[in-house]
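Asker: Position 246 of the sequence shown, counting from 1, maps to 313 under this note's numbering, and the rest follow consecutively.
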Amino acid sequence: MQTELAQIEVSPHVRPMATWEVRLPWFCAIVVGLGGVVLTAFGTGFSQARGLDEPTATYAQAAFVGASALIGLVIMWRTRPTLAGYGFRRPRAMADALWAIPLAALPVILVASAPIAVAASQALAYVVLAIAVSFSEEIWFRGLLLASLRSLGRRRAVVGASMVFGTLHLTNLFAGGEPTFVGLQFAFACLVGFVLAELVEVTGSLWIGIVWHILYDAVAFSIGDSLSRVTLVAVAAMTAVLVGYAVYLWRRLPNDTQFGQA
Numbered sequence: 068m069q070t071e072l073a074q075i076e077v078s079p080h081v082r083p084m085a086t087w088e089v090r091l092p093w094f095c096a097i098v099v100g101l102g103g104v105v106l107t108a109f110g111t112g113f114s115q116a117r118g119l120d121e122p123t124a125t126y127a128q129a130a131f132v133g134a135s136a137l138i139g140l141v142i143m144w145r146t147r148p149t150l151a152g153y154g155f156r157r158p159r160a161m162a163d164a165l166w167a168i169p170l171a172a173l174p175v176i177l178v179a180s181a182p183i184a185v186a187a188s189q190a191l192a193y194v195v196l197a198i199a200v201s202f203s204e205e206i207w208f209r210g211l212l213l214a215s216l217r218s219l220g221r222r223r224a225v226v227g228a229s230m231v232f233g234t235l236h237l238t239n240l241f242a243g244g245e246p247t248f249v250g251l252q253f254a255f256a257c258l259v260g261f262v263l264a265e266l267v268e269v270t271g272s273l274w275i276g277i278v279w280h281i282l283y284d285a286v287a288f289s290i291g292d293s294l295s296r297v298t299l300v301a302v303a304a305m306t307a308v309l310v311g312y313a314v315y316l317w318r319r320l321p322n323d324t325q326f327g328q329a
């Protein structure tokens, strides 16, 4: 497998991004996606098998997810180019991305939909888990997975990465998740993954997704999996915001014909 920076000459805002040249990019993307959830699944199983109390179980899961993030970073380092090529750099073209304001509205909507009622010790554990999850998912799904598909064109890479990201959320069914909630989670994860992948392509950076993921997940963990009428209204509102934002960002992606071959 060869890795390099795709050369794009379309705008001073567009940055070369890490691109893997592989024979079977879709197969590679699926393997990368599975690699990003293996330790997370082990962490959940470990906590359940040991019968840990809630804060301890949360910290244990955070440790497994954090290890997954570190493995992803090592893969980035070993495959080359630099971490900056995968998106660990300051974002650009923030005006084109509307300064991520639509994305920032989501945790606000979520807070308004349900009260946060957890003990301080558990809230801290959720924050630690949110940090681990944010780095792990952005490294694997918006860093490595996008790189594995980018040779097909940025638009195809965005669509493929979002589908893999959403589909892997269906594994929550095996963890005892309620089917209706898991179905909603799948659709919402596909949409979130789509927008986050677009932001990487528009700004050339993973940091927007990482920061947003920390904020959103910390709130989501703290309010639980309620399916009340208010929560469903909040989900509908967030979905409307994401759809509008996705359409806006799609129009600002470099054309696949301008992408060229890495």
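All C-beta atoms in this analysis are idealised placements derived from N, C-alpha and C, irrespective of residue type, glycine included.
In this structure, does DSSP put Thr125 in helix, strand or coil?
Answerer: Here Thr125 sits in helix by DSSP.
Asker: Buried or exposed, going by whether 16 or more other CB atoms sit within 10 Å of the CB of Pro158?
Answerer: Buried, because 16 or more other Cβ atoms sit within 10 Å of the Cβ of Pro158.
Asker: Whose CA, out of Val104, Ile281 and Val262, lies closest to the CA of Arg222?
Answerer: The residue with the shortest Cα to Cα distance from Arg222 is Val262.
Asker: If we count Cβ pairs, one from each stretch, closer than 8 Å, do we get three or more for the region 211 to 219 versus the region 84 to 103?
Answerer: Touching, yes.
Asker: Is DSSP giving Ala134 helix, strand or coil here?
Answerer: In the structure shown, Ala134 sits in a helix (DSSP, three-state: H, G or I).
Asker: Tell me which residues share the same chain as Glu76 and place their Cβ nearer than 6 Å to its Cβ, disregarding the 5 neighbours each side in the sequence.
Answerer: Because Glu76 sits at a pLDDT of 36, beneath the cut-off of 50, its placement in the model cannot be relied upon, and the point is left open.
Asker: Applying the 10 Å Cβ sphere with the 16-neighbour rule, what's the burial state of Gly233?
Answerer: By the 10 Å Cβ count, Gly233 comes out buried.
Asker: Whose CA, out of Glu204, Ser289 and Leu150, lies closest to the CA of Leu191?
Answerer: Checked all of Glu204, Ser289 and Leu150; the closest Cα to Leu191 is Ser289.
Asker: Between the C-alpha atoms of Phe131 and Ala228, what's the straight-line distance to the nearest angstrom?
Answerer: Spanning the two alpha carbons is a distance of roughly 23 Å.
Asker: Going by C-alpha distance, which of Ala124, Thr298 and Leu106 is nearest Leu137?
Answerer: Among Ala124, Thr298 and Leu106, the Cα nearest to that of Leu137 is on Leu106.
Asker: Within this structure, are the beta carbons of Leu309 and Val259 separated by less than 9 Å?
Answerer: Closer than 9 Å, so yes.
Asker: How far does the alpha helix (DSSP H) with Glu204 in it reach, from first residue to last?
Answerer: That run of the alpha helix (DSSP H) goes Ala187 to Glu204.
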